[in-house]
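Residues in the sequence shown are numbered consecutively from 1, following my numbering. Here the structure comes first, spelled out in structure tokens, and everything after it is commentary.
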Amino acid sequence: MEAYEELIRRVREASLLGSCAAVLGWDQRTYMPAKGALHRAQQIALLAGMVHEQTTAPAIGELLGEVEGSESVREGDSAMAVNVREIRRRYDRECKLPRALVTELARTCTLARDVWVQARRESDFALFRPWLEKIVALKRQEAEAVGYAGVPYDALLDDYEPGETAGHLATLFAALRDGLVPRVAAIQATGRRPDIAILQREYPVDRQEAFGRAAAAMIGFDFTAGRLDETTHPFCSGIGPGDTRLTTRYDPRDFGDAFFSILHEAGHGIYDQGLDPTLYGTPMGSAVSLAIHESQSRLWENFVGRSRAFWDHVFPLARRTFPEGLADVTLDAFYFAINDCRPSFIRVDADEVTYNLHVLLRFELEQALISGDLPAADVPAAWNEAVQRYFDLTPPDNSRGCLQDTHWSGGAIGYFPTYTLGNLYAAQFFGQAREDLGDLEAQFRRGEFAPLKEWLRTKIHRHGQRYRAADLVAAVTGKPLSPRSFVDYLRSKYGPLYGI
1 MEAYEELIRR
11 VREASLLGSC
21 AAVLGWDQRT
31 YMPAKGALHR
41 AQQIALLAGM
51 VHEQTTAPAI
61 GELLGEVEGS
71 ESVREGDSAM
81 AVNVREIRRR
91 YDRECKLPRA
101 LVTELARTCT
111 LARDVWVQAR
121 RESDFALFRP
131 WLEKIVALKR
141 QEAEAVGYAG
151 VPYDALLDDY
161 EPGETAGHLA
171 TLFAALRDGL
181 VPRVAAIQAT
191 GRRPDIAILQ
201 REYPVDRQEA
211 FGRAAAAMIG
221 FDFTAGRLDE
231 TTHPFCSGIG
241 PGDTRLTTRY
251 DPRDFGDAFF
261 SILHEAGHGI
271 YDQGLDPTLY
281 GTPMGSAVSL
291 AIHESQSRLW
301 ENFVGRSRAF
311 WDHVFPLARR
321 TFPEGLADVT
331 LDAFYFAIND
341 CRPSFIRVDA
351 DEVTYNLHVL
361 LRFELEQALI
371 SGDLPAADVP
381 AAWNEAVQRY
391 FDLTPPDNSR
401 GCLQDTHWSG
411 GAIGYFPTYT
421 LGNLYAAQFF
431 GQAREDLGDL
441 EAQFRRGEFA
451 PLKEWLRTKI
461 HRHGQRYRAA
471 DLVAAVTGKP
481 LSPRSFVDYL
491 RSKYGPLYGI
């Protein structure tokens, strides 16, 4: 069908242009000189406007109208039907956004990110406050332009997790919280604590990088189609077929900071590398949602990378790589240390049990920011009060409080809930993989990670956006999303560690 082929050509062209902006964004966060921020903001704003113009061109709407009545499109799960459905969803949303708003958001967020880096480094919220105020105001404009049935936050959440709502998440997260809080309390009550000082010895950065690269390659990340670089806040950029870029940060006295972020970002990268390259630029060649993407990173980081079976295989290599740090450390002590559970200030460093409480805190504050109930000026106080309520801790400074995450500086309000959704999806996927593939732990002990990677590619990656997230988990596992699998996983793992 000529109209469909022309539609796909136009959508792919816009995706290519967007990938150019992605390269500039990656460069800004890795190698760009500090004084290049203003020029980079202008570049990215220009590209954002051009992408918006292409994706909202009247010709797209005309082509959609022409193909939507065809019999092929009425077949709900065919590749054509999926592409048309998702292009229509994105087209209708983008058409509601004025180009001026799109470019101003891109410009503001590009500048705000560099201010956030400085504010975080100096623990000075006052530096970042005016930029947060601008971003929140722009995101409210975005929500009003897009429209929503419930609350303004729903319009922002839908951009990352299509079809999801704050109301549904509140119910789901409340059930999760009911399962987590007693688990945290029970662990703390045991009084058992691993010796985490063994992770805070000298771990030379060059060897951390080599070890991290080896581990990422071991689980299946293809470095002939990717790379690893250093940044302030780790991320993965899927630029396009054959170009997936991982980043991390290094601390010479912290083994876990870089290593587990490398595994995490490699999980994102394996998903991007698992998408069908022949379908690049179309919904069938794109990830389902941010939560499904996060399920892949958390699965490799935690369900695999913090498992005893993984370290049964990898620990000898770790001891050879870091003889000064690990020569006198037993595998039992190391495994306990990397699974230490205790309330903490930093989300990205949090253990599996407390991590989601960090997300719930942000979910609460984001909604208040967008509704207007929380002025940006009051964020530090509101943050500290929430940390006290969730963790019985008080952040010593804003760097370890409200300035620790980059997301708000990039305008990614509505993003945080996808982290917890990703954990829940990961638990159900991993449980199903174990049923389908047999003894995964025995495979990990032998260094066999390919069966799990191929299962994920077949069951999840190659479907593109054929399913929405909730439908995908039901199709793969035969069950709707529930906190039960995740809570059961924590119980089976942390129970033996802490004797409960």
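Glycine residues also receive a C-beta, built at the ideal position from the N, C-alpha and C atoms. Since the model is a prediction, treat every value here as computed from it, not as a measurement.
Comparing alpha-carbon positions, the option among E364, S297, F259, V348 lying closest to I413 turns out to be E364. With a minimum length of 4 residues, the unbroken runs of alpha helix (DSSP H) contained wholly in the stretch 279 to 306 fall at 290 to 298.
Rounded to the nearest angstrom, the Cβ distance from G191 to T248 is 34 Å, too far for a contact under 8 Å. DSSP, read as helix, strand or coil, puts L374 in coil. Under a 10 Å Cβ-count criterion, H39 is classified as exposed, with fewer than 16 other Cβ atoms of the shown protein chains found around its own Cβ. For I338, the closest of E62, P194, R298, D154 by C-alpha to C-alpha distance is P194. DSSP places I413 outside any beta strand (DSSP E), giving it a letter other than H or E. Separation of the CB atoms of L138 and E94 is rounded to 16 Å, and the pair is thereby denied contact status at 8 Å. Contact between T420 and F259 fails: their C-beta atoms lie close to 23 Å from each other, not under 8 Å. Taking C-beta atoms under 8 Å as the contact rule, G325 and E230 fail to qualify, at a distance of about 20 Å.
If you keep only unbroken alpha helix (DSSP H) runs of at least 4 residues inside the stretch 142 to 215, you get 152 to 160, 166 to 190. In the structure shown, L246 adopts extended strand secondary structure according to DSSP, grouped into three states. Under the three-pair Cβ rule at 8 Å, the stretch 46 to 56 does not count as touching the stretch 113 to 126. Non-local beta-carbon contacts of M80 in its own chain, meaning distances under 7 Å to residues more than five positions away in sequence, involve Y4, S72, V73 in chain order. With distances taken between CA atoms, D312 lies nearest to R445 out of R89, P283, P380, R445.
A contact between stretches requires three or more CB pairs, one per stretch, nearer than 8 Å, and the stretch 266 to 273 fails this requirement with the stretch 394 to 409. If you check the CB distance, L317 and F429 do not come in under 9 Å.
The Cβ-Cβ distance between Y160 and L279 does not fall below 9 Å. DSSP places I262 inside the alpha helix (DSSP H), whose first and last residues are 255 to 274.
Partner residues in a beta bridge of G422, as assigned by DSSP, do not exist. Segment contact: the stretch 77 to 91 against the stretch 465 to 479, three or more CB-CB distances shorter than 8 Å; contact assigned. When the beta-carbon positions are compared, V151 and G167 come within less than 9 Å of each other.
Here S15 is buried, its C-beta having at least 16 other C-beta atoms within 10 Å.
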